[in-house]
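Let me begin by presenting the structure, written as structure tokens, before commenting on it.
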Amino acid sequence: MWRIWAMAIEEIPLSPNLGLEVRGVDLTRPLTLAEEAAILDAWIRAGVLLFRGAGASDEIHMRLSRVFGQMEPAATADMNNPDNPYLMTLAYDPEDTKARFNRHYVVDGVPRAGWLGWHWDQSFMPTIVRGAVLRMTRPAAEMGETGFIDAIAAYDRLSPELKRRIEGLEVVYEFNPDFTSGQFGFPKDISALPRAASGGGTAVRYDFPPCVHPLVITQQETGRKVLKLSPMHSRYVLGMDKAESDALLEELANHLCDERYAYFHPWGQDDMVVWDNWRVIHSARGVPLHCRRQAMRTTIMGDYKVGRYLDPALDRDRKVNRLVD
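Written out as structure tokens, the structure reads:
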């Protein structure tokens, strides 16, 4: 069902599960307070917003990002624009041998660059960033969709018994760049291509100490509960033995990552998508190894103040580790 605001902003559902396309907003000029309020209201209700073909410049990208709050540089600092640290470049070019090294994977029999499993951003850090604005500056000729799943709806689908069981539990997260091992809810048919087949490039090392986040949080604006699990980078349930922890995380990850409830966005030129990182998990299907793709992303600052470092000494200092080399 379409929704039309008084200032002619239209909302069109992206899928039966989550997301709205927003039309009627002129992002080439400063937005009015009423327009900003309408966009924020839609974001809280829908979790994902699409501004189709609206991101023709960095200026427009930054203007839309400011609607949702203060921006911060991404944790993967080597990918940030040297002229504007709030803009992160996500690019793949099969002919660029000097780009940072990113492992390519074969998923369900298809070699892919840029594949990412289901996750929420920066689960391996103590803060939970509010959201992100992704702008497609060069769509892939094939594939390249980004998927989104609503973790509020996923919580609602849990049995009453499982809801009671996970209330108050916490999960330990640690950065793991190897998607073929130790990741819950990932495809069974996944393998890594050798480094030479992954385009070479410069390897990057990160130092992110283990962090702890609750399994269930509450959306502040509505009181709805969120199944706050990031299948990528999750390690174990704090205080639970390994066998029980592995079984629970696998069950929850498979429930959360049920793609019958996902929306996969097929990118067009200059599309901008905004997602609520406090309630939505996302994934990237990747692109064939011969395809180019480039996108820009901003990160919206924010923190529910429920995450912490596993090491109490680190947590006291709240030193946020980022790129090492």
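If you read the sequence shown in my numbering, its first letter stands for residue 40, the second for the next number, and so on.
Every residue gets a Cβ at the ideal spot worked out from N, C-alpha and C, and that includes glycine.
The DSSP-derived three-state label of residue 339 is strand.
Look at residue 113 here: in three-state DSSP terms it is coil, with no helix or strand label. Ranked by Cα distance from residue 323, the first of 173, 194, 48, 227 is 173.
Secondary structure of residue 171 (DSSP, three-state): strand. Segment contact: the stretch 332-340 against the stretch 174-187, three or more CB-CB distances shorter than 8 Å; contact assigned. In this model, residue 339 and residue 169 are separated by some 5 Å (Cα to Cα).
Around the beta carbon of residue 325, a 10 Å sphere encloses 16 or more other beta carbons of the protein chains shown; the residue is thus reported as buried. By the Cβ rule, the stretch 308-316 does not count as touching the stretch 219-231, because fewer than three pairs are nearer than 8 Å. Distance from the CA atom of residue 110 to the CA atom of residue 125, rounded to whole angstroms, is 7 Å.
Distances from the alpha-carbon of residue 183 to those of 165, 130, 217 put 130 closest. In the three-state reduction of the DSSP assignment, residue 60 falls in the strand class. Counting C-beta pairs closer than 8 Å gives fewer than three between the stretch 92-101 and the stretch 72-80, which falls short of the contact rule. Non-local beta-carbon contacts of residue 208 in its own chain, meaning distances under 6 Å to residues more than five positions away in sequence, involve 254, 276 in chain order. When DSSP states are grouped into helix, strand and coil, residue 191 belongs to the helix group.
When secondary structure is reduced to three states using DSSP, residue 80 falls in the helix class. In this structure, 55 is the residue among 145, 63, 94, 55 with its C-alpha nearest to the C-alpha of residue 86. Of the residues 147, 148, 156, the one whose Cα lies closest to the Cα of residue 321 is 156.
With contacts defined as CB atoms closer than 8 Å, residue 252 and residue 212 qualify as a contacting pair.
Around the beta carbon of residue 262, fewer than 16 other beta carbons lie within 10 angstroms, which makes this residue exposed. Per DSSP, the continuous alpha helix (DSSP H) segment holding residue 292 begins and ends at 281-295. Counting only residues of its own chain and dropping the five nearest sequence neighbours on each side, residue 260 has a CB closer than 8 Å to the CB of 83.
Per DSSP, the continuous alpha helix (DSSP H) segment holding residue 104 begins and ends at 97-106. Annotation: residue 149 to residue 219 spans about 15 Å, alpha carbon to alpha carbon.
Closest option to residue 167, judged by alpha-carbon separation, among 307, 114, 293: 114. Residue pairing by DSSP places residue 218 in no beta bridge whatsoever. Closest in alpha carbon position to residue 90, among 63, 112, 108, is 63. Residue pairing of residue 128 in beta bridges, as defined by DSSP: 335. Per DSSP, residue 253 is one residue of the beta strand (DSSP E) stretching across 250-253.
When only Cα atoms are considered, residue 348 and residue 274 end up about 14 Å apart.
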